[in-house]
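Novice: Okay, so the sequence shown: first residue is 4 according to our numbering, each after it adds one. In this text, a Cβ means the ideal position worked out from N, Cα and C, and glycines have one as well.
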Amino acid sequence: MRIKKVIANSYGEALSRVKSELGENAMVLSTRSIKFNKDQGASECSSLVEITAALDNDPHQETVAVAEETSNEKRWMSVDKGGEIRELRSMIASLLTQTDKAKSMGLNETLLPVYEKLIGRGVDDRVAARMFETIHERGQREEGNPFIGENHLAEVMKGAVKCDGPIRLESAGPKVVALVGPTGAGKTTTIAKLAARFALQQKKKVALISLDTYRMGAWEQLESYGELMQVPVFLAADRNEFSRIIQEHQDKDVILVDTMGKSHRDLDYCKRLKQVLEAAPQVEIHLVQSATAQESVVSECFKQFAPLGIDRVLFTKLDEAVDFGLLFNCSVRYQIPFSYFTTGQSVPEDIEVAAQDKVIRLIFN
Ligand SMILES: Nc1nc2c(ncn2[C@@H]2O[C@H](COP(=O)(O)OP(=O)(O)O)[C@@H](O)[C@H]2O)c(=O)[nH]1
Ligand SMILES: [Mg+2]
């Protein structure tokens, strides 16, 4: 098997070079676009297309060609020399699945760059595939309305983003909202922003409860926000204290609960947190995640916090994130509506109600 990587100005040009170098039987393993500034310091961006393709032929050549192309695969050459190339084949098989999927979605030269753009922005390939399949099916149903490009896709994707507006207050009794999530995600800062929204802008009666009994610093952080906004702040060390504080503040419109900065890897943590939170009749749980976090860490958090019953997802640090496919992947995979996005460290201004449009704009722009 020979593997060739080709970089060209357009997908068409790259493909024709692949064909001229490897022949008509070459299989495209992956494509990606590479963005760069035309001039140093210039804001204008240009992009190139990179295609990695393979041609199945003499097994002896396989390892040699692989070693020539990428440094990562050099280790395969020493393992496989003159023999089995199982590992490489399985890697290629997984890549081919993606290519096959792309083919089954009917991606032509116009659509493939759109697909590549989504992948480049962090949209998971299976999630992207689902979107293209939807469009394909819709195109077949609605004759004379074929999929024409990015705009149509963006519209379909927008429909797949779940948002449920701001926290809705109850007419009787306080609305209790707990922010849970990994350490450093931005829970305490976001509580302060929400408290300001309700107390200062909407003139609602607000109380804050901290379950953060592990780090004194965190409690002080919330307390000083409370002082600033003239909102009472309480520390609940256990289930009984939490229940008592809630009972004593039935006159409030909203009670915001900050949770402890314990690692989500602590398996007992969610169990203990659940026991405490269940002491209040109805707590709305918002899972706070940073938009800059690795997708694998975010997935792990969804799993770890699921036993609490996640009602909403709140993404922080949109100002620091580079790709926003993560937000879309989470929306499609977990089907839990977003509540708010936070966009900076400033309290109270850097928070907004999550909106479908915003997610789509962030991905496509
Ligand atoms: N850039 C940026 N930083 C944020 C945002 N939200 C929180 N932070 C910062 O993230 C850090 C951790 O926030 P904190 O609220 O203490 O996280 P917690 O451990 O989940 O309570 C702090 O330095 C915050 O200022 C945001 O939207 N954008
Ligand atoms: Mg905190």
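Consider the C-beta atom of LYS190 and the heavy atoms of ligand 2; say whether any pair is separated by less than 6 Å.
Specialist: LYS190 Cβ: within cutoff of ligand 2.
Novice: Roughly how many angstroms separate the alpha carbons of SER81 and MET4, rounded to a whole number?
Specialist: Caution applies to SER81, whose pLDDT of 36 falls short of 50 and renders its modelled position unreliable; the value that the coordinates give is listed next. For SER81 and MET4, the distance between alpha carbons rounds to 16 Å.
Novice: Of the residues ASN28, THR55, ILE37, THR193, which one's Cα is nearest the Cα of LYS8?
Specialist: If we check each option's Cα against that of LYS8, THR55 comes out closest.
Novice: Between the alpha carbons of TYR272 and ILE363, how many angstroms are there, rounded?
Specialist: Rounded to the nearest angstrom, the two C-alpha atoms are 35 Å apart.
Novice: Tell me whether THR346 is buried or exposed, calling it buried when 16 or more other Cβ atoms sit within 10 Å of its Cβ.
Specialist: By the 10 Å Cβ count, THR346 comes out buried.
Novice: Taking ILE258 as part of the beta strand (DSSP E), name the residues at either end of that continuous run.
Specialist: Looking at the DSSP string, the run of the beta strand (DSSP E) that includes ILE258 is 257-261.
Novice: Among LEU211, SER302, ALA282, SER293, which one has its Cα closest to the Cα of ALA324?
Specialist: Closest by alpha carbon: SER293.
Novice: Contact between the stretch 270-284 and the stretch 151-166 is defined here as three or more beta-carbon pairs at a separation below 8 Å; is this criterion met?
Specialist: At 8 Å Cβ cutoff, the stretches do not touch.
Novice: For ARG369, which of LEU203, ASP360, VAL179 has the nearest alpha-carbon?
Specialist: There is no way to answer for residue 369, as the model of the chain reaches only from 4 to 368.
Novice: Between which two residues does the alpha helix (DSSP H) holding ALA17 run?
Specialist: First-last of the alpha helix (DSSP H) with ALA17: 14-25.
Novice: Helix, strand or coil for ALA199 per DSSP?
Specialist: Helix, per DSSP.
Novice: For PHE327, name the three-state secondary structure that DSSP assigns.
Specialist: Coil.
Novice: Could you check whether the Cβ of LYS320 sits closer than 6 Å to any heavy atom belonging to ligand 1?
Specialist: Yes, the beta carbon of LYS320 sits closer than 6 Å to at least one heavy atom of ligand 1.
Novice: Using three-state DSSP, classify HIS252 as helix, strand or coil.
Specialist: Coil at HIS252, not helix or strand.
Novice: Span of the alpha helix (DSSP H) holding ALA11?
Specialist: ALA11 -> not in any alpha helix (DSSP H); beta strand (DSSP E) instead, spanning 5-11.
Novice: How many Å lie between GLY328 and GLY189 at the Cα?
Specialist: C-alpha separation (whole angstroms): 20 Å.
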